[in-house]
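Just so you know, this note's numbering puts 99 at position 91 of the sequence shown, and the rest follows in order with no gaps.
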Amino acid sequence: MPIRPSERELDEFLTRGMSEVIVRDDLRRLLASGERRLRVKMGFDPTSPNLSLGHSVGLRKLRTLARWGHEIVLIVGDWTTQIGDPTDKDETRPMRKHDEVMANAKTYLEQFHRIVPKEGSRVVFQSEWFGKFGLRDVIELASRFTVQQMLAREEFRKRQSTGTPIPIKDLLYPLLQAYDSVAVEADVEAGGSDQLFNLLAGRELQAMVGQRSQNIYVTHLLEGLDGERMSKSKPQTAIGLAEPPNEMFGKVMSIKDDLMPHYFEWATDLPMEEVRAVLDGLASGALHPREAKERLARQIVTELHSAAAADEAAAAFAKQFREGETPADIPDVRVAKDGATTLNVVDLLVRASLVKSKGEARRLVEQRGVKIDNAVAGLDTELAFTGSPVVQYGKRKYARITWG
9 MPIRPSEREL
19 DEFLTRGMSE
29 VIVRDDLRRL
39 LASGERRLRV
49 KMGFDPTSPN
59 LSLGHSVGLR
69 KLRTLARWGH
79 EIVLIVGDWT
89 TQIGDPTDKD
99 ETRPMRKHDE
109 VMANAKTYLE
119 QFHRIVPKEG
129 SRVVFQSEWF
139 GKFGLRDVIE
149 LASRFTVQQM
159 LAREEFRKRQ
169 STGTPIPIKD
179 LLYPLLQAYD
189 SVAVEADVEA
199 GGSDQLFNLL
209 AGRELQAMVG
219 QRSQNIYVTH
229 LLEGLDGERM
239 SKSKPQTAIG
249 LAEPPNEMFG
259 KVMSIKDDLM
269 PHYFEWATDL
279 PMEEVRAVLD
289 GLASGALHPR
299 EAKERLARQI
309 VTELHSAAAA
319 DEAAAAFAKQ
329 FREGETPADI
339 PDVRVAKDGA
349 TTLNVVDLLV
359 RASLVKSKGE
369 ARRLVEQRGV
379 KIDNAVAGLD
389 TELAFTGSPV
399 VQYGKRKYAR
409 ITWG
């Protein structure tokens, strides 16, 4: 039987990092009573190889429920990924190959279990049920929903108002995700706040087929380094769960100051009493933002790696940014000679694929964001094809150039 959490534990579970809970009173009653083991479902589409710190907000909730004795069902969307969720998109996503999806799924599962324990959880693939679907099954599923219901989704409304095409396959996505809840007979479904439409569709479909409608909780979406929603499709501004400690520490140190409350509350296990103390210190000026951010970076690296790794990352960060030392693990980048005697720094950045365009390279140099062997480069900086110069581009990116 599940354990019965305290009122304080329940309060924190239902509020910390939570955007919405449906139906809150019912879910609270079920969790408080411990009368039966709940089946908690969370689906994920392996659209890329890596999960981000943003995913950890929901995964921590699953870990808590597993500790309380409930069953966690992780559903690999090997069918829905091939379609692509239209969430927050004003255009359709390309179809993906099944082999690519399965390769991504392997890395996803490894990263999931950094937070969610294997004990008390199981992994299922949508192909277990959709692999047996025929045309009649698809028509039967589609007949339970209307076009009007699908067009109530904000992304589809936007497309319709702008005349952007809405492929039928995009309309099928919420139906397939909804059927997952029926297939596993979920008591609770978890997801991010961008998934609410799909989760509600699952709740409706369960009622249609005579199952008890699942309760739902959706967590807030953590922001990335650019202040926008953290996304695995933007790895430069996301903090990956599998990133090395030094990279993870450095990225946390570069988040905007006003995002620290979200990171402390949503993306760590730091007790709320300590979170409030930190935030009160920031508000009053008693705690400097840099000190708070370093504590945050240590906390995140400790939780996802270890305390020793956090200590080493903090020391490496201090050396690199406070003492001006160049990091030891700089990647080598080979740049071909073109017959000239020198190469302009702007052309170097482009030819070495350190930036995407000449315009970006020029802006970076103009902003004094490029150094060659610790010397700030200008637009007129020319490099001879000798030695192995170290290029720093941006605050934390380095490359050692070798000439070919």
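Glycine included, every Cβ here is placed at the ideal spot set by N, Cα and C. Fair warning: this is a prediction, and the values are worked out from it, not measured in the lab.
- Look at F393 here: in three-state DSSP terms it is coil, with no helix or strand label.
- Taking a contact as a CB-CB distance under 8 Å, the pair S241 and S56 counts as one, their CB atoms being some 6 Å apart.
- Under DSSP, D340 shares a beta bridge with R408.
- Beta-bridge analysis with DSSP links K49 to V81 and E197.
- Out of F133, R376, L351 and L149, the CA that lies nearest to the CA of L213 is found in L149.
- V353 is positioned such that its CB atom lies no closer than 7 Å to that of T310.
- Membership of N112 in the alpha helix (DSSP H) is indicated by the continuous run H106 to F120.
- Minimum Cα-Cα distance from A369 among the listed residues D337, K345, L391 and G402 corresponds to G402.
- For V124, the secondary structure class from DSSP, reduced to helix, strand or coil, is coil.
- Of the residues assessed, T89 falls on the buried side of the cut-off, its CB having 16 or more other CB atoms within 10 angstroms.
- In the displayed model, S60 falls within a strand according to three-state DSSP.
- By a beta-carbon distance limit of 8 Å, L73 does not contact F52. Their separation comes to about 16 Å.
- For Q203, there is no enclosing alpha helix (DSSP H), as DSSP marks it with neither H nor E.
- Assignment of Q185 by DSSP, reduced to helix, strand and coil, places it in the helix class.
- Annotation for Q168: the continuous alpha helix (DSSP H) segment containing it runs E162 to T170.
- Here the segment 140-154 makes no contact with the segment 118-126; the two share fewer than three CB pairs at distances below 8 Å.
- Boundaries of the beta strand (DSSP E) harbouring K379: V378 to I380, taken from the DSSP string.
- Under a 10 Å Cβ-count criterion, S396 is classified as exposed, with fewer than 16 other Cβ atoms of the shown protein chains found around its own Cβ.
- In the structure shown, R237 falls within a strand segment according to DSSP collapsed to helix, strand and coil.
- Straight-line measurement puts the Cα of A198 at about 18 Å from the Cα of Q219.
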